[in-house]
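Numbering (the working numbering), first residue to last: 6 to 356.
Glycine included, every Cβ here is placed at the ideal spot set by N, Cα and C.
Note that the structure is predicted; figures quoted are calculated from it, not measured.
Notes for the one structure printed next.
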């Protein structure tokens with residue numbers, strides 16, 4: 006029985022979410038395990054059932070992504086790892102689809118334009134990334150983290166900065182680097198948009214209780230990986246960092262390991278994005294919310310640039326450089342540059 010006065014969202018409001026979920030399935034719906042799912046879900050099952058693979062060095066090793074294991078690991082006690090992967094994908098993709106739809110509606114895009122922009126975003130990440138990053142794929146900690154970042158960006162566009170810190174803090178609870186770099190980029194964006202010597206922009210409060218709530222949430226993602234090294238010696242941590250940054254996933258972390266074609270394709274994307282933003286800005290209103298997203302993108306690009314500078318250090322201080330390179334300096338930029346291109350084109354198409 007439907008009670009009078011109760012409001013339900015019309016199916017039309019869910020249409021872009023459903024369409025985006027279909028896109029995610031077509032794009033990344035390969036049978037499990039996908040990239041990293043075997044790692045994350047094996048650890049998640051061992052987290053909930055320590056006696057399972059208790060003698061396996063990897064499965065029983067430290068659990069860096071504690072919240073992911075808590076939220077996405079319990080189905081392993083009821084269903085197979087394959088079914089758990091599909092459940093996790095459904096939840097993660099739904100977060101991304103809802104976050105992207107909210108972001109698009111903040112920019113007053115039509116449903117078709119929201120979906121078209123999403124396709125451009127995925128294509129930009131797939132074919133013009135610098136460090137092999139991705140957003141939509143198999144379930145792992147960064148997938149729900151990116152979904153929460155999208156909701157945070159929607160509030161950033163609405164100038165609701167207090168909510169931004171909570172969303173990004175929650176993202177960092179799932180994946181500390183995805184959410185953490187988003188916080189840094191947002192701080193840079195805040196500085197760009199609300200410089201003390203610039204007038205015309207009401208300045209939101211920066212130090213708020215929500216900022217500290219977000220920081221507290223991020224500790225859920227920060228403390229577990231830090232705790233894994235508390236009892237390690239310096240030589241052990243140095244060896245682990247060198248293995249991680251220079252061998253195991255150097256293709257994500259170490260600029261010297263990137264192919265020349267990766268630099269060329271990403272530079273081309275940056276140039277195309279900058280040109281598109283310049284064209285849009287010539288006709289944009291001063292208070293358009295996309296200005297804040299562009300400022301956030303500049304923050305992400307600044308982080309990428311800092312990572313390239315860090316990439317010079319291995320020849321000077323290899324141990325110190327390896328520890329810094331583990332911070333995935335290029336992750337946020339790989340996602341944000343094509344996002345800004347996609348949403349700027351979408352806004353231009355709707356004006």
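_Quick test of your reading: residue 21 and residue 162, contact by CB under 8 Å. State the CB separation rounded to the nearest angstrom._
Distance from residue 21 to residue 162 at the Cβ level is roughly 17 Å; contact not present, criterion being Cβ atoms closer than 8 Å.
*In chain order, each alpha helix (DSSP H) run of at least 4 residues that lies wholly inside the region 153-236*: As far as the region 153-236 is concerned, its whole alpha helix (DSSP H) runs of at least 4 residues are 166-179, 181-198 and 214-232.
*Secondary structure at residue 296, three-state DSSP: helix, strand or coil?*
Residue 296 falls in the helix class under three-state DSSP.
*asked:* Cutting at 6 Å between CB atoms, please list the residues of its own chain near residue 159, excluding the five before and the five after it.
replied: If we look at residue 159 and ignore the five residues flanking it on each side, its Cβ neighbours are 107, 108 and 111.
_CB of residue 73 within 7 Å of CB of residue 156, strictly_ = Their beta carbons are not under 7 Å apart, which means residue 73 does not touch residue 156 by this criterion.
*Can you tell me the Cα-Cα spacing of residue 116 and residue 292, whole angstroms?*
Here the alpha carbon of residue 116 sits roughly 23 Å from the alpha carbon of residue 292.
_Sub-7 Å separation of residue 142 and residue 33 beta-carbons_ = Closer than 7 Å, so yes.
*Grouping DSSP H, G and I as helix and E and B as strand, with all else coil, what is residue 3?*
Here the chain has residues from 6 to 356 only, and residue 3 is not among them.
_Where residue 84 sits in the DSSP three-state scheme_ = DSSP places residue 84 in coil when its eight states are reduced to three.
*Compare the C-alpha of residue 271 against each of 30, 184 and 339 and name the closest.*
Closest by alpha carbon: 339.
*What's the call for residue 134, buried or exposed, on a 16-neighbour Cβ count within 10 Å?*
By the neighbour-count rule (16 or more Cβ atoms within 10 Å), residue 134 is buried.
_Using 7 Å as the threshold, is the C-beta distance between residue 42 and residue 90 below it?_
Going by C-beta atoms, residue 42 is nearer than 7 Å to residue 90.
_I need the straight-line Cα distance from residue 233 to residue 196, nearest angstrom please._
Cα-Cα distance, rounded: 34 Å.
*Going by Cα to Cα distance, which pick from 187, 215, 226 and 223 is closest to residue 307?*
Considering only alpha carbons, the answer is 187.
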